[in-house]
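Report on one structure; see the data block that follows.
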Amino acid sequence: QELIHGRLAGYKFIVVANREPYVHRFVEDRIVHSKPASGMATALDPIMLASGGVWVGHGSGDADHAVVDEHDCIAVPPEDPKYKLRRVWLTKEDEQGFYLGFSNECLWPMSHITFTRPRFDAKDWETYRRVNELFANAVLDEAGDDPTLVFIQDYHFCLLPRLLKNSGRKNLVVAQFWHIPWPNPEVFRVCPWKEEILDGLLGNDLLGFHLRYDCRNFLEAVDRFAESRIDYERSDVVRGGATTKVSAFPISIDFEETNRLATSPQVEQAMETWKRQLQLGDRILGAGIERLDYTKGIVERLRGLDSFLSTHLDYVGKLQFVQIAVPSRSHLADYRRIEDEVDRVTDEINWKWRNGRWKPITLIKEHHDPIRMVALHRLAKFFVVSSLHDGMNLVAKEFVASRTDEQGVLILSRFTGAVRELEDALPINPFGAHEIGDAIAAAVVMSPEEQKRRMTRMREVVARNNVYRWGGKILSTLLQFELPENPANTE
Ligand code: F6P
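Everything in the sequence shown is counted per the numbering used here, starting at 1112 for the first residue and increasing by one.
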């Protein structure tokens, strides 16, 4: 944390992300705030708590307007303010074209290999461009004339870096982190606005991805579709006289905070509540937690559970699987389809195996607070992350950080970024139900010694590569550049 404080010396710090870290909603006549189900927001919030600064994000709660000042700002966290949240307001049409449309019907499916066809809509693209301008205005307003470090999050803002650099302000340092995979050039070439997207992103001084694999895919796309000079050795791109460094920074979580939570009396209490609600008794518990998204492989996981029961009949009635699927982007047809499919497959498998009051799957379609989530992590004998494709997957790291008892088995898709670090998980190809079934079979009989051996090693990895290290590495990379207005260089 101190590292981040030190590295920011002299700079204003502005984070830009579509998703805001705190959302205000009306519950009857009261206003309550909550944290969204977003890996990005969960990762960035601790950085902001440590560094201070401004978070520019889309005001999305129905009470968000009611709590801001005349500059659309509120200090957060509301109970103990550490930084400023500036809300940008989008109309319903903006949200449709920018967030649902171009970001999540074009860029999202194009970047993930799940065989979901991206939709290219010229009207959505126009809205996306206009909303990027809206955010650029908010950032420039916050920055004023001060030397400022702007740290942009994700695929919602491909055009923002170029807009900032074209504003004429010479003392802006711009970095962006792309939280999802970057597609290979054969996929990317079908995008009608590929040149504009690359030009926008090459406005950054630094562009970060989770993996070197994503960096390579990006550089190859630049090589084929953008006029520029690439230095593969240094991993940078020169375009129009300016350089963009392209590097891998695998994101992580606040390990210490999750540890603290995992051993708190609130979590102990929540564990008891889960046991009661699930009527768990001495059954083995398996769990999965994520947004209800077609990239997460939820149906594949349920089929894997079915495959396990089919080959291990002695576990019928003795195992319970809790799937938390937080509704997400539900105005989009592909998301409604996946929700229907998850419902249908859950029902089918439960009907097939139901025995008296017992059924294998408990599907819960709601967002839970971190205490309930960590409690579920701690109760589970095995935890399944079966994403078909995932930039990192922080839920896998949260499971590991929650297991202060050094027990529990992580079953982890080979198509996540996290699998490259968590080598002691049981790796699976989620496209094969039998592989998931076999991994569950290995997990349920794994000895406590073996669990401890694996979990200890995974915990060491997550403790070391925590989110502060991620933030520190990005900022220290940025501050190594020869930046004319870098206050640290002129001291
Ligand atoms: O994990 C990728 C990601 O885009 C995050 O950056 C984002 O916060 C999360 O998915 C949730 O998406 P949304 O903000 O659309 O709910």
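Cβ coordinates follow ideal geometry from the N, Cα and C atoms, glycine included.
None of these values were measured; they are calculated from a predicted model.
DSSP state of Q1287, grouped into three classes?
Numbered from its first residue, the sequence shown carries residue 1287 at position 176. Here Q1287 sits in strand by DSSP.
Helix, strand or coil at R1570 [DSSP, three-state]
Here the question's residue 1570 lines up with position 459 in the sequence shown. Here R1570 sits in helix by DSSP.
Between which two residues does the beta strand (DSSP E) containing R1197 stretch?
Taking the sequence shown and counting its residues from 1, one reaches residue 1197 at position 86. Note, R1197: beta strand (DSSP E), Y1194 to V1199.
Where F1209 falls: helix, strand or coil (DSSP):
Within the sequence shown, the letter at position 98 stands for residue 1209. Three-state result, F1209: helix.
Residues bridged to H1135 by DSSP?
In the sequence shown, counting from the first residue as 1, residue 1135 sits at position 24. Beta-bridge pairing links H1135 to H1144.
Chain-order list of residues whose beta-carbon lies under 7 Å from that of N1370 (same chain, five-residue window excluded):
Position 259 of the sequence shown holds residue 1370. The residues are A1512 and T1515.
Under 5 Å, CB to nearest heavy atom of the ligand F6P: contacting residues
R1130, S1149, G1150, M1151, D1265 and H1290
Please classify K1276 as buried or exposed, where buried requires at least 16 other C-beta atoms within 10 Å of its C-beta.
Counted from its first residue, the sequence shown places residue 1276 at position 165. Its Cβ being crowded by 16 or more others within 10 Å, K1276 is buried.
Burial state of V1333 (16 or more Cβ within 10 Å)
Position 222 of the sequence shown, counted from the start, is the residue given in the question as residue 1333. When all chains shown are included, V1333 counts as buried.
In the DSSP assignment, find the unbroken alpha helix (DSSP H) run with I1449 in it and report its ends.
Residue 1449 sits at position 338 when you count from the first residue of the sequence shown. Element bounds for I1449: A1444 to W1464.
If you check the beta carbons only, do T1527 and N1504 fall under 8 Å apart?
Start at 1 with the first residue of the sequence shown, and residue 1527 comes out as number 416. Start at 1 with the first residue of the sequence shown, and residue 1504 comes out as number 393. Taking 8 Å as the Cβ cut-off, T1527 and N1504 qualify as a contacting pair.
I need the straight-line Cα distance from R1402 to T1153, nearest angstrom please.
Sequence index remark: in the sequence shown, residue 1402 carries index 291 (1-based). Sequence index remark: in the sequence shown, residue 1153 carries index 42 (1-based). Those two C-alpha atoms are separated by around 14 Å.
DSSP three-state label for V1556, please.
As a working note, residue 1556 is residue 445 in the sequence shown. Here V1556 sits in coil by DSSP.
Could you tell me the boundaries of the beta strand (DSSP E) in which C1184 lies?
Residue mapping note: residue 1184 aligns to position 73 of the sequence shown, counting from 1. C1184 -> beta strand (DSSP E) spans C1184 to V1187.
Beta bridge counterpart(s) of L1260 as assigned by DSSP:
Position 149 of the sequence shown, counted from the start, is the residue given in the question as residue 1260. Per DSSP, F1124 and V1284.
Note down, in chain order, each residue of its chain lying with its Cβ closer than 6 Å to the Cβ of W1469, except the 5 sequence neighbours on either side.
Locating residue 1469 in the sequence shown gives position 358, where the first residue counts as 1. Within the same chain, W1469 has close Cβ partners G1428.
Helix, strand or coil at L1322 according to DSSP, with G and I counted as helix:
Against the sequence shown, residue 1322 aligns to sequence position 211. Note: L1322 maps to coil in three-state DSSP.
Collapsed DSSP secondary structure at P1292 in the structure displayed:
Residue numbering aside, residue 1292 sits at position 181 when the sequence shown is read from its first letter. In the structure shown, P1292 sits in coil (DSSP, three-state: anything other than H, G, I, E or B).
A1536 burial status per 10 Å Cβ neighbour count (16 or more: buried):
The residue you call residue 1536 lines up with position 425 of the sequence shown. Counting Cβ neighbours within 10 Å, A1536 comes out buried, since at least 16 surround it.
Span separating the alpha-carbon of R1118 from that of C1184:
Walking along the sequence shown from the start, residue 1118 turns up at place 7. Walking along the sequence shown from the start, residue 1184 turns up at place 73. Here R1118 scores only 45 on pLDDT, less than 50, and its place in the model should not be relied on; the value that follows carries that caveat. Approximately 25 Å between the Cα atoms of the pair.
N- and C-terminal bounds of the beta strand (DSSP E) containing T1355:
For the purposes of this step, residue 1355 is identified with residue 244 of the sequence shown, where counting begins at 1. Segment A1353 to A1359, the beta strand (DSSP E) holding T1355.
8 Å Cβ cutoff met for I1547 and S1498
What you label residue 1547 is simply residue 436 of the sequence shown in a count that begins at 1. What you label residue 1498 is simply residue 387 of the sequence shown in a count that begins at 1. Cβ distance not < 8 Å, so I1547 and S1498 don't count as in contact.
Proximity below 8 Å, CB of V1242 to CB of L1274
By 1-based counting over the sequence shown, the position of residue 1242 is 131. By 1-based counting over the sequence shown, the position of residue 1274 is 163. Not closer than 8 Å, so no.
Counting pairs of Cβ atoms below 8 Å between the segment 1197-1217 and the segment 1244-1252, do you hit three or more?
yes
Among A1359, E1216 and V1301, which residue has its Cα nearest to the Cα of R1580?
Residue 1580 sits at position 469 when you count from the first residue of the sequence shown. Checking every option, the nearest Cα to that of R1580 belongs to A1359.
By the DSSP assignment, the alpha helix (DSSP H) with S1441 in it spans what residues?
Start at 1 with the first residue of the sequence shown, and residue 1441 comes out as number 330. Unbroken run through S1441: none, as it is neither H nor E.
With DSSP run on the structure shown, which of helix, strand or coil describes F1493?
Here the question's residue 1493 lines up with position 382 in the sequence shown. DSSP places F1493 in strand when its eight states are reduced to three.
Is the Cβ of T1225 closer than 8 Å to any Cβ of chain B?
Note that chain B does not occur in the displayed structure, where there is just one protein chain.
Is R1130 helix, strand or coil when you go by DSSP?
Here residue 1130 corresponds to residue number 19 of the sequence shown, with the count starting at 1. Three-state result, R1130: coil.
Option in P1361, D1256, G1519 and T1354 with minimal Cα separation from Y1122:
Working through the sequence shown from its first residue, we reach residue 1122 at position 11. Nearest option by C-alpha distance: D1256.
Thinking C-alpha only, which one of G1543, F1329 and P1296 is nearest H1321?
Locating residue 1321 in the sequence shown gives position 210, counting from the first residue. Answer by Cα proximity: F1329.
What separation, rounded to the nearest whole angstrom, lies between the Cα atoms of E1113 and I1539?
Position 2 of the sequence shown, counted from the first residue, corresponds to residue 1113. Position 428 of the sequence shown, counted from the first residue, corresponds to residue 1539. Bear in mind that a pLDDT of 42 at E1113, under 50, signals an unreliable position, so the number given afterwards is only what the model happens to contain. Going by the C-alpha atoms only, they are around 38 Å apart.
Euclidean distance between Cα positions of A1128 and G1163:
Taking the sequence shown and counting its residues from 1, the one referred to as residue 1128 is at position 17. Taking the sequence shown and counting its residues from 1, the one referred to as residue 1163 is at position 52. For A1128 and G1163, the distance between alpha carbons rounds to 16 Å.
Using only alpha-carbon positions, find the residue among V1138, P1132, K1146 and F1124 that is nearest to D1480.
By one-based count along the sequence shown, residue 1480 stands at place 369. When each option's Cα is compared against that of D1480, the closest is K1146.
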